[in-house]
Amino acid sequence: MTTSACRLCAHTPVNPVGPAAALPQVFECPVCNFRQSELPQDHADRIRHSPLPDLEAISSASRRTTRLVLELLYPFAPDGRLLDVGTGSGTLIEEAVNRAYVAEGVEPSRALASSVQQRQLPVRPLALPTEERFGPYDAITAVRVLEEVAHPAAFMTDLVSRLAPGGVCLVVTPDVRSFAARKLQKKWWHYHPAAYNFFSEATLNRLMSDSGLDVVFRRRVPDYLPVEFLFARLAALLPEKWRRKLDCPAALHGYAVGLNTFDLLLYIGRKPGQPHNLPPT
Ligand SMILES: [Zn+2]
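Following the working numbering, the numbering of the sequence shown begins with -1 at its first residue and continues without gaps.
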């Protein structure tokens, strides 16, 4: 059984490596080792019309992730124009505006984009890549987006085209070669139906350099998750008879836990050129 070409190096065919818990099949490229799952025909529509998530439940988790992302971004782009791609609930734009950035976002889900607009935050209801020109930016962030886009290489090329010379792009995505992924195999929590691209350090390095970025920073970051989500995911790993005993206590609803399973990669790449806004040393 084969699927379309490798989304990273275009090699065809890619080889099936077995079904994951929530996915019918995962494929691996024999040339660059990139892993991917089949993209649904209606991918763009699914994202555009995805229902509004429980924003209250995710807000504490997304705020903790956001603060860490902005702290790590600061030494490379302390201010200037910032674009948050896949802005979700808008937390990153909000936090960035509270710092020294002129921040805006793009969000392909109509429901999410309009809920962010209602909070008077600047967001375009768009998916990238697009022909529409805006920018340039000193920093672009894409947190937990790469795994969900249809064409990661075209997506990154589009982001880089919107960066000013010397500008930086920060991405966060799960690591398919992490200890957790190798240990849990098909039960790895990042194999889920909305994820199609599974990067490792090697394939993320390749994506960054193919798009014309110099990697200037990389580290693993914790996954801040709503407690309810964690209970649900843990329950899914347990045998049937134990599951009912693992209900999330009501008092913990809305809390976020930092789960450092070391399986999220955060990379910052710089577009060649002279940045105008490095922090004072
Ligand atoms: Zn490949």
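Virtual Cβ for every residue (Gly too), placed ideally from N, Cα, C. The structure displayed is predicted, hence computed values, not measured ones.
Leu263, DSSP secondary structure in three states
Residue numbering aside, residue 263 sits at position 265 when the sequence shown is read from its first letter. Note: Leu263 maps to strand in three-state DSSP.
Among residues of its own chain, excluding the 5 on either side of Ala192, which ones have a beta-carbon nearer than 7 angstroms to its beta-carbon?
Stepping through the sequence shown from its first residue, residue 192 is reached at position 194. Excluding sequence neighbours, Ala192 sits near Glu146.
Between Leu29 and ligand 1, is there a pair consisting of the residue's CB and a ligand heavy atom that are separated by less than 7 angstroms?
Translated into the one-based positions of the sequence shown, residue 29 becomes position 31. Looking at the sequence provided, one finds Val at residue 29 rather than Leu. Yes, since a heavy atom of ligand 1 falls inside the 7 angstroms radius drawn around the Cβ of Val29.
Based on the DSSP secondary-structure assignment, which residues constitute the bridge partners of Ala137?
As a working mapping, residue 137 is identified with position 139 in the sequence shown. Note: Ala137 sits in a beta bridge opposite Leu80, Val166.
To the nearest angstrom, report how far apart His47 and Leu276 are at their CA atoms.
Position 49 of the sequence shown, counted from the start, is the residue given in the question as residue 47. Position 278 of the sequence shown, counted from the start, is the residue given in the question as residue 276. Between His47 and Leu276, the C-alpha separation is close to 39 angstroms.
Helix, strand or coil at Asp52 according to DSSP, with G and I counted as helix
As a working mapping, residue 52 is identified with position 54 in the sequence shown. If DSSP states are grouped into helix, strand and coil, Asp52 belongs with coil.
Are the Cβ atoms of Val214 and Gly267 separated by less than 8 angstroms?
Within the sequence shown, the letter at position 216 stands for residue 214. Within the sequence shown, the letter at position 269 stands for residue 267. Going by C-beta atoms, Val214 is nearer than 8 angstroms to Gly267.
Mind checking which residues open and close the alpha helix (DSSP H) that includes Ala151?
The residue labelled residue 151 in the question sits at position 153 within the sequence shown. Taken as a continuous stretch (DSSP letters only), the alpha helix (DSSP H) holding Ala151 covers 150 to 159.
Between the alpha carbons of Val83 and Arg131, how many angstroms are there, rounded?
For the purposes of this step, residue 83 is identified with residue 85 of the sequence shown, where counting begins at 1. For the purposes of this step, residue 131 is identified with residue 133 of the sequence shown, where counting begins at 1. Between Val83 and Arg131, the C-alpha separation is close to 14 angstroms.
Between which residues of its own chain and Val114 is the CB-CB distance below 6 angstroms, once the five residues before and five after are set aside?
Position 116 of the sequence shown, counted from the start, is the residue given in the question as residue 114. Excluding sequence neighbours, Val114 sits near Gly88, Val121.
Give the C-beta separation of Val166 and Tyr265 to the nearest angstrom, bearing in mind that I take them to be a contact with Cβ-Cβ under 8 angstroms.
Translated into positions along the sequence shown, residue 166 becomes position 168. Translated into positions along the sequence shown, residue 265 becomes position 267. Taking the Cβ atoms as the reference, Val166 lies roughly 10 angstroms from Tyr265, outside the contact range of under 8 angstroms.
What do you get for Pro150, buried or exposed, if any count of 16 or more other CB atoms within 10 angstroms of its CB means buried?
Indexing the sequence shown from 1 puts residue 150 at position 152. Burial call: buried.
Check: Cys7 C-beta below 7 angstroms from any heavy atom of ligand 1:
To locate residue 7, count along the sequence shown from 1; it is residue 9. Within the cutoff, so yes.
Among Thr139, Thr128, Phe153, the one whose alpha carbon lies nearest that of Asp208
Looking up residue 208 in the sequence shown gives position 210. Answer by Cα proximity: Phe153.
With DSSP run on the structure shown, which of helix, strand or coil describes Glu280?
Since the first residue shown for the chain is -1 and the last is 279, residue 280 is missing from the structure and cannot be characterised.
Going by alpha carbons, who is nearest to Pro17 out of Ser35, Leu6, Phe177?
Numbered from its first residue, the sequence shown carries residue 17 at position 19. Of the listed residues, the one whose Cα sits closest to Pro17 is Ser35.
Taking 8 angstroms as the threshold (C-beta atoms), are Thr171 and Leu202 in contact?
Within the sequence shown, numbered from 1, the residue matching residue 202 stands at position 204. Within the sequence shown, numbered from 1, the residue matching residue 171 stands at position 173. Taking 8 angstroms as the cut-off, the beta carbon of Leu202 is found closer than this to the beta carbon of Thr171.
DSSP-derived helix/strand/coil call for Pro171:
Against the sequence shown, residue 171 aligns to sequence position 173. The question names Pro, but residue 171 in the sequence shown is Thr. Thr171 falls in the strand class under three-state DSSP.
Using the C-alpha atoms, what's the distance from Gly210 back to Gly164?
Taking the sequence shown and counting its residues from 1, the one referred to as residue 164 is at position 166. Taking the sequence shown and counting its residues from 1, the one referred to as residue 210 is at position 212. If I take the Cα positions, the gap works out to 11 angstroms.
Between the CA atoms of Glu92 and Val67 - distance to the nearest angstrom:
Working through the sequence shown from its first residue, we reach residue 67 at position 69. Working through the sequence shown from its first residue, we reach residue 92 at position 94. About 13 angstroms.
Taking all protein chains shown into account, decide if Ser107 is buried (16 or more other Cβ within 10 angstroms of its Cβ) or exposed.
As a working mapping, residue 107 is identified with position 109 in the sequence shown. That one is buried.
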